[in-house]
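**Q** Residue numbers (the UniProt record's numbering): 1 to 389.
All C-beta atoms, glycine included, are put in the ideal place defined by N, C-alpha and C.
Dropping the structure in here first, questions after.
Structure follows, in structure tokens:
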């Protein structure tokens, strides 16, 4: 009976391809849209991930997420260092500054300044130059996406490609000279702005005249100490807000989830993909079953039970579901690899096993729904119908 069920399915090429196409498109939407959403949301805390050495972040009590830095007094650093359980604590500057290009155009960039002595917080992967070169005069490091994108040297001739920044090039940050000493690889941020790394003291020099420039204090708990307990001690002793790295990531993610329409927009697309996939697949599969009712009637007349007929329909539905899902997942995987290899500044596509499992379950639900709609007609079929007409 299994072979007959497969011959029935493969014999009608038009409906067979139509069902697979419907499931493949539904799978593509249900994998691609959540994957892009996950990629975008992961950028909300990408800076925390890149600064991997500290396990505690200290900030102003009114800070809500990583991009909501509110400067503190420099003296707060010494108060944090004096808290029991803190192995070390260093300053960190994070702010938006204007960079002037050679053609006079200004570009908003994310300026990061970290401890002059230890360079904790600097980029983990250097593509050109060395991290230690930041101790040179006017030195800055630019992320690869910014160097090849918005900070690239504008072309002299109209229509010509821009020239990527390279080591030795000169920038102007708030009308102050900065020399590129390295190109780094960083995780794209939610704001998608170029990232410029430098030392904390030089970041204060580049910044506009402000009284307070200490954005964050990043600290490390002593061995054997719980980062959560140390963070609570810091809050109790200083009155500042202290979160572990994981908690800070969660807070930043929650803020963007609640205060932007990302979840609703992408969720709507996923629901539409499921509905369209279910409607197309269910309709075509139902029509396929109607076209083959006479064969099912013959099987009933020959003594086939409802259970056997159900098995035939389920086999047909699961086969097209497996093939369609494989095509949709394969296209999504190709898209994800292409985005990663091209190092595109736009959102990528994160394919986790949870996402693939969830989308696969949705496709299974579509196939079961299509089979349920079709099998009802078969169960009501009378064996004597084969002898009518």
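For residue 193 versus residue 109, is the C-beta distance shorter than 9 Å?
**A** yes
**Q** Specify, as a first and last residue, the run of the alpha helix (DSSP H) that residue 28 falls within.
**A** 13–42
**Q** Less than 8 Å between the CB atoms is what I'm expecting for residue 113 and residue 93, so what's the real figure, rounded?
**A** Correct: roughly 4 Å between the Cβ atoms.
**Q** For residue 239, is the classification buried or exposed, using 16 other Cβ atoms within 10 angstroms of its Cβ as the cut-off for buried?
**A** exposed
**Q** How is residue 126 classed by DSSP in three states: helix, strand or coil?
**A** strand
**Q** I'd like the span of the alpha helix (DSSP H) that includes residue 232, first residue to last.
**A** 227–238
**Q** Helix, strand or coil: how does DSSP classify residue 341 here?
**A** Judged by DSSP in its simplified three-state form, residue 341 adopts helix.
**Q** Going by DSSP, which residues form a beta bridge with residue 170?
**A** 179
**Q** Rounded to whole angstroms, what's the CA-CA distance from residue 336 to residue 138? Just pull it up for me.
**A** Spanning the two alpha carbons is a distance of roughly 38 Å.
**Q** Pair every Cβ in the stretch 170–180 with every Cβ in the stretch 200–220, then say whether three or more of these pairs are closer than 8 Å.
**A** yes
**Q** Enumerate in chain order the residues of its own chain whose CB-to-CB distance from residue 19 is below 6 Å, with the five nearest sequence positions on each side excluded.
**A** For residue 19, where only same-chain residues beyond five positions count, the Cβ hits under 6 Å are 281, 284, 285 and 320.
**Q** Sort out for me which residues DSSP pairs residue 195 with in a bridge.
**A** 110
**Q** Compare the C-beta of residue 58 with all C-beta atoms of chain D and state if any pair is closer than 9 Å.
**A** This model lacks chain D altogether; it includes just one protein chain.
**Q** Determine whether the beta carbon atoms of residue 217 and residue 57 lie at a separation below 9 Å.
**A** yes
**Q** DSSP three-state call for residue 73: helix, strand or coil?
**A** coil
**Q** When the distance is taken between beta carbons, is residue 107 closer than 9 Å to residue 141?
**A** no
**Q** Comparing alpha-carbon positions, which option in 71, 15, 9 and 13 lies nearest residue 211?
**A** 71
**Q** Less than 8 Å between the CB atoms is what I'm expecting for residue 48 and residue 245, so what's the real figure, rounded?
**A** 6 Å
**Q** Label residue 191 either buried or exposed according to how many other C-beta atoms from any shown protein chain fall within 10 Å of its C-beta, with 16 as the threshold for buried.
**A** exposed
**Q** Okay, do the stretch 19–33 and the stretch 323–330 touch, 3+ Cβ pairs below 8 Å being the bar?
**A** yes
**Q** Look up residue 302 in the DSSP assignment and say whether it is helix, strand or coil.
**A** coil
**Q** Keeping to the same chain, check which residues put their C-beta closer than 8 Å to that of residue 31; ignore five residues upstream and five downstream.
**A** 328, 329, 332, 351, 355, 356 and 359
**Q** In whole angstroms, what is the alpha-carbon distance linking residue 230 and residue 221?
**A** 7 Å
**Q** Please identify the residue among 102, 120, 60 and 63 whose C-alpha is closest to the C-alpha of residue 88.
**A** Nearest of 102, 120, 60 and 63 to residue 88, Cα basis: 120.
**Q** Between which two residues does the alpha helix (DSSP H) carrying residue 244 extend?
**A** That residue, residue 244, is in no alpha helix (DSSP H); its beta strand (DSSP E) goes 241–244.
**Q** Rounded to the nearest angstrom, what separates residue 272 and residue 29 at their Cα positions?
**A** 9 Å
**Q** Quick one: what's residue 143 bridged to in DSSP?
**A** 184
**Q** Give the secondary structure of residue 97 by DSSP, where H, G and I count as helix, E and B as strand, and everything else as coil.
**A** strand
**Q** Determine the DSSP secondary structure at residue 264, reduced to helix, strand or coil.
**A** helix
**Q** In its own chain, which residues sit with a C-beta less than 7 Å from the C-beta of residue 128, not counting the 5 before and 5 after it?
**A** 167, 182 and 183
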